[in-house]
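All remarks here apply to the structure that follows.
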Amino acid sequence: MPTPDTATAPLTASSCVEALGTLEPKTYDCVQSNLALLANAARGPGASVRLGRELSIVPRALPDGLATVDPAPEDEVARCARLLSLTGEAADGTVRADALPALAAETVCYAIGDAHDMPWLPYAGQAHMPHSFLVARNDRATALVVDAYDNQTEWGPAEPGAWRIPWADLPSSLRVWRWHVPPEGPPPPTRVERHGIGPYLAAFRDHPDRGRAWEQLTVETWLLARRHALFARAHDHLPAAGDAQDRWQRLAADVFLGCRRVRRGRPEPRGALDDLERLLTEPAPTAELE
Amino acid sequence: MIEQGFADLLADHLPEAPRPITEQVRLRDAGLDSVHSIDLLLAIEDAYGIEFPAHLLNDETFDTAGSLWAAVDGTVRGAASPAGNGGRYG
Numbered sequence: 000m001p002t003p004d005t006a007t008a009p010l011t012a013s014s015c016v017e018a019l020g021t022l023e024p025k026t027y028d029c030v031q032s033n034l035a036l037l038a039n040a041a042r043g044p045g046a047s048v049r050l051g052r053e054l055s056i057v058p059r060a061l062p063d064g065l066a067t068v069d070p071a072p073e074d075e076v077a078r079c080a081r082l083l084s085l086t087g088e089a090a091d092g093t094v095r096a097d098a099l100p101a102l103a104a105e106t107v108c109y110a111i112g113d114a115h116d117m118p119w120l121p122y123a124g125q126a127h128m129p130h131s132f133l134v135a136r137n138d139r140a141t142a143l144v145v146d147a148y149d150n151q152t153e154w155g156p157a158e159p160g161a162w163r164i165p166w167a168d169l170p171s172s173l174r175v176w177r178w179h180v181p182p183e184g185p186p187p188p189t190r191v192e193r194h195g196i197g198p199y200l201a202a203f204r205d206h207p208d209r210g211r212a213w214e215q216l217t218v219e220t221w222l223l224a225r226r227h228a229l230f231a232r233a234h235d236h237l238p239a240a241g242d243a244q245d246r247w248q249r250l251a252a253d254v255f256l257g258c259r260r261v262r263r264g265r266p267e268p269r270g271a272l273d274d275l276e277r278l279l280t281e282p283a284p285t286a287e288l289e
Numbered sequence: 000m001i002e003q004g005f006a007d008l009l010a011d012h013l014p015e016a017p018r019p020i021t022e023q024v025r026l027r028d029a030g031l032d033s034v035h036s037i038d039l040l041l042a043i044e045d046a047y048g049i050e051f052p053a054h055l056l057n058d059e060t061f062d063t064a065g066s067l068w069a070a071v072d073g074t075v076r077g078a079a080s081p082a083g084n085g086g087r088y089g
């Protein structure tokens with residue numbers, strides 16, 4: 000257990016790079032993974048597992064009529080900071096790339112921007128989505144970027160690592176936070192929250208653009224599989240949590256393949272939406288605690 | 000014995016595989032990872048007009064060129080059979 004002095008010391012880029020080997024990165028999404036890395040860098044391996052104390056499935060509507068269980072990035076950052084007992088401040092509004100060297104001069108910053116403009120990712124030039132990374136000053140011309148995200152994408156693998164990137168090559172518009180990691184308190188209580196499942200399922204069943212529905216369904220089942228994996232990791236004494244994790248991973252794999260088939264003009268796979276409904280409406284993995 | 004068209008299709012997806020591609024070639028050793036295995040699966044489905052049944056989507060099927068060809072051939076025969084057999088042998 001780190002002493003309070005070390006826990007409150009400024010985070011260093013080298014401690015974040017060293018902590019890359021302490022995460023199980025395939026349990027975190029693209030916003031969570033680098034907050035998890037910060038927690039492990041400051042407090043040691045396992046600190047980030049607290050993110051799995053909550054299982055929150057609260058869909059929100061998307062502009063095209065579909066829905067997502069993915070919160071707005073700022074909301075998810077706030078939720079993760081609460082679970083990890085991180086304190087800190089967000090830079091006002093959107094940060095332009097030319098302001099980033101000053102912000103990252105003395106400590107590691109956590110930033111969220113468009114993955115399309117992050118040259119270390121397979122999404123670069125391919126797809127737009129919010130993505131987080133840690134950034135510190137390397138020298139006048141370059142930033143040290145650390146990113147714990149781990150995923151196989153259709154454009155190649157995104158793998159945890161550290162890169163020296165010219166400041167000018169970072170996204171031109173970012174949200175930026177500077178975190179402090181105080182000594183951690185008692186673990187947050189286990190909490191499972193599920194609301195709005197009926198309308199969520201109906202949005203996918205009824206959407207007129209079936210290709211678009213399956214693209215989003217792939218994202219949803221990927222997120223839900225990771226979320227259940229993280230919950231299972233934080234509750235390894237609950238067999239139902241591990242069982243749910245396995246079934247979510249199978250569904251995510253089935254939907255990924257189904258989406259690729261639909262993209263090629265094939266019929267929609269039967270049963271995937273029924274399986275999704277079954278998994279979302281069965282008793283929570285914590286039922287054995289009640 | 001794998002069909003020549005199937006060997007050619009594998010060769011397109013596995014540039015690192017030894018030539019000629021025989022039944023014994025291990026697909027992982029030839030560079031097939033999880034992402035490329037989906038691409039290969041879809042290309043096979045397009046070429047043969049089939050859809051692999053879920054029970055064949057496993058590591059054993061994608062172990063060697065021979066095991067993958069056996070799965071393709073079995074699925075094609077199952078699809079052609081009047082009663083169908085879901086791609087199972089026998």
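In order, the protein sequence lines correspond to chains A and B.
Residue numbers for the first sequence follow numbering that gives the first Met the number 0, beginning at 0 and rising by one.
Residue numbers for the second sequence follow numbering that gives the first Met the number 0, beginning at 0 and rising by one.
Don't be surprised by glycine CBs; every beta carbon is placed ideally from N, CA and C.
These numbers come from a predicted model, not from an experiment.
Give the straight-line distance between the Cα atoms of residue i and residue j, rounded to the nearest whole angstrom.
i: ARG262 of chain A; j: GLY210 of chain A; result: 6 Å
i: ALA240 of chain A; j: ALA98 of chain A; result: 44 Å
i: HIS234 of chain A; j: GLU281 of chain A; result: 18 Å
i: GLY373 of chain A; j: CYS258 of chain A; result: No answer is possible for residue 373 of chain A: the residues shown for chain A start at 0 and end at 289.
i: PRO156 of chain A; j: ASN150 of chain A; result: 6 Å
i: ALA53 of chain B; j: PRO159 of chain A; result: 31 Å
i: ILE37 of chain B; j: ILE1 of chain B; result: 20 Å
i: THR93 of chain A; j: LEU26 of chain B; result: 47 Å
i: LEU50 of chain A; j: LEU229 of chain A; result: 7 Å
i: GLY86 of chain B; j: GLY195 of chain A; result: Confidence in GLY86 of chain B is poor, its pLDDT being 30 and thus under 50, which makes the residue's placement too unreliable to answer from.
i: LEU13 of chain B; j: LEU31 of chain B; result: 7 Å
i: TRP68 of chain B; j: GLN125 of chain A; result: 33 Å
i: MET137 of chain A; j: THR152 of chain A; result: As written in the sequence, residue 137 of chain A is Asn, which differs from the Met given in the question. Looking at the two C-alpha atoms, the distance is approximately 29 Å.
i: ALA103 of chain A; j: PRO165 of chain A; result: 14 Å
i: LYS25 of chain A; j: GLU219 of chain A; result: 15 Å
i: VAL254 of chain A; j: LEU56 of chain B; result: 13 Å
i: ARG277 of chain A; j: ALA140 of chain A; result: 53 Å
i: ALA110 of chain A; j: TYR148 of chain A; result: 13 Å
i: PRO187 of chain A; j: CYS29 of chain A; result: 22 Å
i: GLU105 of chain A; j: GLU23 of chain A; result: 28 Å
i: LEU237 of chain A; j: ALA161 of chain A; result: 35 Å
i: ALA82 of chain B; j: PRO268 of chain A; result: Confidence in ALA82 of chain B is poor, its pLDDT being 44 and thus under 50, which makes the residue's placement too unreliable to answer from.
i: ASP273 of chain A; j: LEU250 of chain A; result: 11 Å
i: ASP205 of chain A; j: TRP221 of chain A; result: 21 Å
i: GLU15 of chain B; j: ASP28 of chain B; result: 9 Å
i: ALA35 of chain A; j: CYS15 of chain A; result: 10 Å
i: TRP154 of chain A; j: PRO121 of chain A; result: 6 Å
Report back the beta-carbon spacing between residue i and residue j to the nearest angstrom; my notes put them in contact at under 8 Å.
i: ALA42 of chain A; j: VAL180 of chain A; result: The sequence given here has Arg at residue 42 of chain A, not Ala. 7 Å between Cβ atoms; contact.
i: ASP146 of chain A; j: ASN33 of chain A; result: 7 Å
i: SER131 of chain A; j: LEU83 of chain A; result: The Cβ separation is near 14 Å, so there is no contact.
i: THR21 of chain A; j: ASN39 of chain A; result: 5 Å
i: ILE56 of chain A; j: ARG193 of chain A; result: 5 Å
i: ALA89 of chain A; j: TRP176 of chain A; result: 5 Å
i: LEU37 of chain A; j: LEU85 of chain A; result: 7 Å
i: LEU8 of chain B; j: ALA64 of chain B; result: 10 Å between Cβ atoms; not a contact.
i: ALA6 of chain B; j: ILE49 of chain B; result: With a Cβ gap of about 18 Å, ALA6 of chain B and ILE49 of chain B do not count as contacting.
i: LEU169 of chain A; j: ALA142 of chain A; result: 6 Å
Rank the options by C-alpha distance to the C-alpha of residue i and give the top, closest one.
i: PRO62 of chain A; options: A:THR11, A:ALA212 and A:GLU75; result: A:ALA212
i: SER66 of chain B; options: B:LEU8, B:GLN23 and B:GLN3; result: B:GLN23
i: TRP119 of chain A; options: A:VAL144, A:ARG246, A:LEU36 and A:ALA271; result: A:VAL144
i: GLY4 of chain B; options: B:ASP45, B:SER33 and B:GLU15; result: B:ASP45
i: GLN244 of chain A; options: A:ASP253, A:ARG232 and A:HIS236; result: A:ARG232
i: ALA271 of chain A; options: A:LEU200, A:LEU173 and A:PRO72; result: A:LEU200
i: ARG246 of chain A; options: A:HIS236, A:ARG260, A:ARG226 and A:GLY264; result: A:ARG226
i: TYR27 of chain A; options: A:ARG95, A:PRO185, A:ASP91 and A:GLU75; result: A:GLU75
i: GLY184 of chain A; options: A:LEU54, A:ARG81, A:PRO238 and A:ALA12; result: A:ARG81
i: CYS315 of chain A; options: A:VAL134, A:PRO284 and A:CYS79; result: Residue 315 of chain A falls outside the range modelled here, since chain A spans only 0 to 289, and no answer is possible.
i: LEU173 of chain A; options: A:GLU53, A:GLY112 and A:PRO186; result: A:GLY112
i: VAL71 of chain B; options: B:ASP62, B:GLU59, B:THR63 and B:PHE51; result: B:PHE51
i: GLY264 of chain A; options: A:ALA71, A:PRO44 and A:ASP208; result: A:ASP208
i: PRO72 of chain A; options: A:LEU216, A:GLY87, A:PRO170 and A:GLN31; result: A:GLN31
i: ALA167 of chain A; options: A:PRO121, A:PRO100, A:PRO182 and A:ASP274; result: A:PRO100
i: GLN248 of chain A; options: A:GLU267, A:ALA142, A:PRO268 and A:LEU275; result: A:LEU275
i: PRO284 of chain A; options: A:PRO44, A:ALA77, A:TRP178 and A:ASP242; result: A:ASP242
Could you name the residues that DSSP lists as bridge partners for residue i?
i: TYR109 of chain A; result: A:LEU133 and A:TRP176
i: ILE56 of chain A; result: A:ARG193
i: ARG25 of chain B; result: B:THR63
i: ASN57 of chain B; result: Note: ASN57 of chain B sits in no beta bridge, so no partner.
i: PRO156 of chain A; result: A:GLN151
i: VAL145 of chain A; result: A:LEU133 and A:ALA161
Does the beta carbon of residue i sit closer than 8 Å to a beta carbon anywhere in chain D?
i: LEU256 of chain A; result: In summary, chain D is missing from the structure at hand, where the protein chains are A and B.
Compute every distance between the C-beta of residue i and the non-hydrogen atoms of the ligand GDP, then say whether any falls below 7 Å.
i: VAL218 of chain A; result: By its list of ligands, the structure shown contains no ligand whatsoever, and the ligand GDP lies outside what it can speak to.
Which residues, taken in chain order from the stretch 104–122 of chain A, show a beta carbon closer than 8 Å to some beta carbon of chain B?
none
Residues in the stretch 155–189 of chain A having any Cβ partner in chain B nearer than 7 Å
none
Taking any Cβ of chain B, which residues in the stretch 259–274 of chain A have a Cβ under 8 Å from it, in chain order?
ARG259, ARG260, ARG263 and ARG265
Scan the stretch 40–73 of chain B for residues whose Cβ lies nearer than 8 Å to a Cβ of chain A and list them as they occur along the chain.
LEU40, LEU41, GLU44, ASP45, GLU50, ALA53 and LEU56
Please list, in chain order, the residues of the stretch 139–155 of chain A that have any C-beta partner in chain B closer than 7 Å.
GLN151 and GLU153
Residues of the stretch 11–41 of chain B whose Cβ lies closer than 7 Å to any Cβ of chain A, in chain order:
SER33, VAL34, ILE37 and LEU41
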